[in-house]
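All remarks here apply to the structure that follows.
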Amino acid sequence: MTKTPDTPRNEKSRGPGVLKVMQSIAAGALGVQSSKRREEDFGSHSPWPYIIGGLLFTALFIGTLVLVVQVALAGQ
């Protein structure tokens with residue numbers, strides 16, 4: 190009979206949650222992410238959630254800037 194490990198099998202295979210990815214992207218964009226959290230992000234998960242989230246964050250940021258500039262120029 191084989192012995193099962195103490196930790197759940199899918200604990201490592203499950204990727205990061207949506208909230209954790211969003212927090213990491215926001216902290217990275219603002220430059221306030223801890224080195225421990227950065228090592229966790231780079232070490233144990235697929236990069237795709239962070240890449241896609243980063244692209245979405247960048248598009249949202251640029252869209253917000255364009256909107257603010259349009260509103261500011263329309264008020265002149």
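Every number in my numbering is 189 more than the matching position in the sequence shown, counting from 1.
Ideal Cβ positions, reconstructed from N, Cα and C, are used throughout, including at glycine.
Item                                                                                                                           : Value
Using CA atoms only, rank isn't needed, just tell me which of VAL258, ILE214, LEU245 and TYR239 is closest to GLY266.          : With the chain covering only 190 through 265, there is no way to say anything about residue 266.
What residue does the alpha helix (DSSP H) around VAL260 start on, and which one ends it?                                      : 237 to 263
Mind reading off the beta-carbon distance from PHE246 to ALA216? Whole number of angstroms is fine, and I expect it under 8 Å. : Not really, about 11 Å apart at Cβ, beyond 8 Å.
Tell me which residue opens and which closes the alpha helix (DSSP H) that GLY232 is part of.                                  : 224 to 233
So what does DSSP say about GLY220, is it helix, strand or coil?                                                               : coil
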